[in-house]
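Q: What follows is a structure written as structure tokens; I'll ask about it next.
Residue numbers (this note's numbering), protein chains in the order written: chain A, 1 to 836; chain B, 837 to 1208.
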């Protein structure tokens, strides 16, 4: 809502010298979100004055006819001599009063006026149009001032209101009343404690009852309906300059006098109005809900299929308006309309809100109805409109007007509150007197409840339909008293238990990965089928079963991710594109997959009580599964080349190690097995398991990506990745128990085992551990050899076994025995042979 | 029992003969003097002062002498050994000195050479700033709670007093999730962290003092100041006798903890369906502390010379929300707030473009390290 300050000050007197910015601060303090104070015309400077055109010389021989005028500007030019000005407009005559910018003036856009030669003459200034002065849009010619309204040489700034502060207010949904100058002026009067003159405080013109025939099918859709008319109106009467200017300042385009008046009154008092050419109406008007199959072409020339929930204005021809949203095209008021019928109604908010959404049509009218319009305002608004029409366009106001109302329905409902409720909400001792005064200040009627002093019976004013609950009234008191009076009291929470294990784990995983060279990314959780195609994920894969957004930002990414990889891989590509070839990224975030057996639609529960446990359960069942994952992607050199050593390229092992780091954070043991799983290289893919309550569970995969996936995403060759389910890893981990730390000497034994090259190292190690028994402290693989010495299809794995006893120095025989037992177990389970 | 042996003449026990001791001493001292490196000296030490050195072996013979002769022989051998020990110590010191002066200098390296092996990683500043924000409240005794990102409309809207036809419901540009058959699923990507308020009230015993950080979604296109996926930190307190004063107190604690002590805050009346009364919170600009207001010569980029920075929204929990969560509104009241994580980061660390926080450029993340 754009509010010109000079318009607002018609209804209240601000202290002398109040600036727009100061007013804005005051209104912000009361809860109006003044976003900007527009200093309209601040860029206009220098001499701009009223001039009288003395004579006109028509210049010919140019592309268009040009006028060379002698203009009397009084003594404004210092000499008192007429000013010679070249002008391209033709909408004026000798003797007319115009607006002249003299040399030294500057117009909007840094347009400096000086005496200069043009069309063969010296032009000593410019005769201005409304557009050139930023007053309103007008390309029909220059401004011709009404005769007798001013004298040559008069300053044009004050006369035209060239400079004006305009407040731009973002009106929150609860403050419909602030969508009017009336409402904002009332707040300003409250802020400054000045009297408020209500523009809606007008005596109705004529008597109710003998207006245009109309009926309302159901008061629940329209609680008040007023029609008032003017006959003999001059359809060509111009909109006066002051009105055009105000509309322009408020951001509304001037169309015709009849339409401008309805818009003007709407801005002034907040009541949306509609004007018809009475000649286009056929028979009585009925306000009713639409019937199925009905259609209406609205003013924007869209033919709309109507919904049985739409409120319509109809006559014998059928629907003529989509009530409260937009008028119909067939009854649009035109430049030949001499009989004007004005409608002011109070439509049901929720119907208008739904209609506006359904038809994707947000209008000045629907915005106001949605937020609540003053339920008593309609007769006054219609009166204001017909008076302005008759005054500015001639014609006679009808003697009678239509007024249909369900008074009981529109009457505001009283709210009973404890007199100290505002005090208890704010933590401030206002006392009963200040509470009552504040409520009365916003227009409420306050009575003492029968129960006694402790309770108040508060009836909100008709323009505040948002006041329905005790806390609404508390807010009114607190904002009138000022939010800055609220004290600051430190909170007094009971002792908390800090972070949960899961929250701590996330931090710990992040720190570990970051410390080992990974940079965290937070990619958008959106993806498309193409992303899954690129990962070589086949049609039956569960990751294809993704939730879909009905209104995605991009048609390419309508799905919610079922894997972290697409987002991370695209981020990797972006980094490579920016010249970073050795990149390691990680992400911790949710993936989403439909819950088996979820209902088609999540239930909508009541809000007037807490949900029962089974109701909560029904909501939980409707939600998708949203496990937390950790992912990492790597490309280029894991250790970039330095002066000391050549770079070591990223391999599958780095991806597996990132998964191990994750498991270590959780104190969980990761079990690694070879697997084939998209998007990984079939020979370089590890399936990762953990043990939860004795049961092995798959938590993810790691390794080098399949060359097809690499190609599809445009990734560097040999890009590696891992993704694991953090929730399951967490479940597998837990607090460590203290190990027995022995101080006795260690015994190291190396063994080299030759095995078939299909035998996984993990199995050999497992066998060595089992065979070596309790004396074994650790096993470390230190060499892998393939070659002639061990023969084709075989490899040699060399391990160091560390033995130590908790209570003694091991004897040589014990060590030898344990070593032999370890080798024997490996031989038995994997066919390993001790290398000679 | 036999008498002590007085039969031996020390002169007759060859190694203890004074000449012999003098010779051993002489040889040892000569070898020590001849050692030119610490390694050679180590060998000399073994040969002339070790367990099997001539002097050590001679020393063993003393026990075989009659008591009367022992003192004399002991003195002789002991003196020689002491002298050799001293010489060793001295030569050791000389050689170490020499090594320090020459060898260590020769071993000098350029310690300014780069030492890194792994590329530099880092945690995303949105993550770490959200943690820090939460930690400030954890320090006040709050606990950290979380909720799902795909949320039921009931939690995201209805229970928070966003009625089905209220304009506030359309104010938040919501991502809707399709049902399996392509219809309405009643599920959305949560538009704020506020549904966690309702979940916390349903899942926990009163009183409740919690913060809920998390990802939120609105259908805004990415530009310098908007992103469709962003993060909030929600706060909720429900207890007996709670007022807006406690809310202001908590916000003050947060602002002081995050941006510096002594910063003023102010509340401006506002509107949110789930709080009544509602307020927007501003804090005094922590960079210029208001000095840039009306001083065009010294503009402040952080607050655009307004003197105030918008921190977030807050208010008294609307009793309708408490009712929908099954809380007795006669006994309990509460407050809630929502703070923008990206916004906090932008102010706290001078991030100027939202896209930097979204694109995942390693330079951006790595610059923030592990903590913020």
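The C-beta atom is built at its ideal place from N, Cα and C for all residues, glycine as well.
1. To which residues of the same chain is residue 1191/B closer than 6 Å at the C-beta, ignoring the five residues directly before and after it?
2. Quick check on the DSSP output: the alpha helix (DSSP H) that includes residue 992/B runs from which residue to which?
3. For my contact list, residue 265/A and residue 169/A are in at a C-beta cut-off of 8 Å; report their separation, rounded to the angstrom.
4. Measure the C-alpha to C-alpha separation of residue 742/A and residue 749/A and round it to an integer number of angstroms.
5. If the cut is a Cβ gap below 8 Å, which residues of chain B does residue 518/A touch?
6. Would you kindly work out how many angstroms separate the C-alpha atoms of residue 804/A and residue 992/B, rounded to a whole number?
7. Let me know if residue 174/A comes out buried or exposed under the rule of 16 or more other beta-carbons within 10 Å of its beta-carbon.
8. Is residue 1182/B close to chain A? Criterion is C-beta to C-beta, closer than 8 Å.
9. Among residues of its own chain, excluding the 5 on either side of residue 837/B, which ones have a beta-carbon nearer than 8 Å to its beta-carbon?
10. So residue 1105/B and residue 483/A are in contact, right, with Cβ under 8 Å, and what is the actual spacing, rounded?
11. Does residue 1051/B pass the burial test, meaning 16 or more other C-beta atoms within 10 Å, or should it be called exposed?
12. Mind listing which residues of the stretch 401-424 of chain A have their C-beta closer than 8 Å to chain B's C-betas, in chain order?
13. Could you pull out every residue in the same chain whose Cβ sits closer than 6 Å to the Cβ of residue 317/A, ignoring the five residues on either side in sequence?
14. Can you have a look at residue 837/A and say buried or exposed, based on whether 16 or more other CB atoms are within 10 angstroms of its CB?
15. With a 10 Å radius around its C-beta and 16 neighbouring C-beta atoms as the bar for buried, classify residue 446/A as buried or exposed.
16. Span of the alpha helix (DSSP H) holding residue 767/A?
17. Using a cut-off of 8 Å between C-beta atoms, extract the partners of residue 427/A located in chain D.
18. For a cutoff of 8 Å on Cβ pairs, would you count residue 1085/B as touching chain A?
19. List, in chain order, every chain B residue whose beta-carbon is nearer than 7 Å to that of residue 486/A.
20. Is it true that the stretch 1058-1065 of chain B meets the stretch 1089-1108 of chain B, where meeting means three or more beta-carbon pairs spaced less than 8 Å apart?
21. What is the DSSP secondary structure of residue 91/A, counted as helix, strand or coil?
22. Helix, strand or coil: which one does DSSP assign to residue 1193/B?
23. Return helix, strand or coil for residue 579/A, following the three-state DSSP convention.
24. Find the nearest neighbour of residue 1035/B within the set 1070/B, 1016/B, 1013/B and 1055/B, judged by alpha-carbon distance.
25. Less than 8 Å between the beta carbons of residue 830/A and residue 763/A, yes or no?
26. Would you be able to state if there are at least three C-beta pairs under 8 Å between the stretch 119-136 of chain A and the stretch 71-88 of chain A?
27. Which chain A residues sit within Cβ distance under 7 Å of residue 962/B?
28. Is residue 838/B helix, strand or coil by DSSP?
29. Establish whether the CB of residue 582/A and some CB of chain B are separated by less than 8 Å.
30. Compare the C-alpha of residue 641/A against each of 968/B, 1043/B, 1091/B and 955/B and name the closest.
31. With 8 Å as the C-beta to C-beta threshold (strictly closer), list the residues of the stretch 308-332 of chain A near chain B in chain order.
32. In angstroms, rounded to a whole number, what distance separates the CA positions of residue 206/A and residue 91/A?
33. Can you tell me the Cα-Cα spacing of residue 619/A and residue 1016/B, whole angstroms?
34. The stretch 961-990 of chain B: which residues have C-beta closer than 7 Å to a C-beta of chain A, in chain order?
35. What's the C-alpha gap between residue 191/A and residue 373/A?
36. Taking residue 1088/B as the query, report the chain A residues whose CB atoms sit under 9 Å from its CB, ordered along the chain.
A: In terms of the structure at hand:
1. Within the same chain, residue 1191/B has no close Cβ partners at all.
2. 989-992
3. 19 Å between Cβ atoms; not a contact.
4. 18 Å
5. In chain order: 957.
6. 60 Å
7. buried
8. no
9. Here the model assigns residue 837/B a pLDDT of 43, short of 50, so the residue's position is not dependable, and the following value carries that caveat. Cβ neighbours of residue 837/B beyond the five flanking positions: none.
10. 6 Å
11. buried
12. Those would be 424, in chain order.
13. 282
14. For residue 837/A there is no data in the structure shown, the boundaries of chain A being 1 and 836.
15. Residue 446/A is buried by the Cβ-count criterion.
16. Residue 767/A -> alpha helix (DSSP H) spans 761-772.
17. Among the chains of the structure shown, chain D does not appear; the protein chains present are A and B.
18. yes
19. Those within 7 Å of residue 486/A in chain B are 1080, 1081, 1084 and 1103.
20. By the Cβ criterion, the stretch 1058-1065 of chain B is not in contact with the stretch 1089-1108 of chain B, since fewer than three pairs of Cβ atoms, one from each stretch, lie closer than 8 Å.
21. The answer is coil: DSSP assigns residue 91/A none of H, G, I, E or B.
22. helix
23. coil
24. 1070/B
25. yes
26. yes
27. 522
28. Residue placement at residue 838/B is flagged as unreliable, the pLDDT there being 47, under the threshold of 50; a coordinate-derived value is accordingly withheld.
29. yes
30. 955/B
31. none
32. 40 Å
33. 16 Å
34. 962, 963, 967, 974, 976, 977, 978, 979, 980, 984, 985, 986, 988, 989 and 990
35. 22 Å
36. 488 and 490
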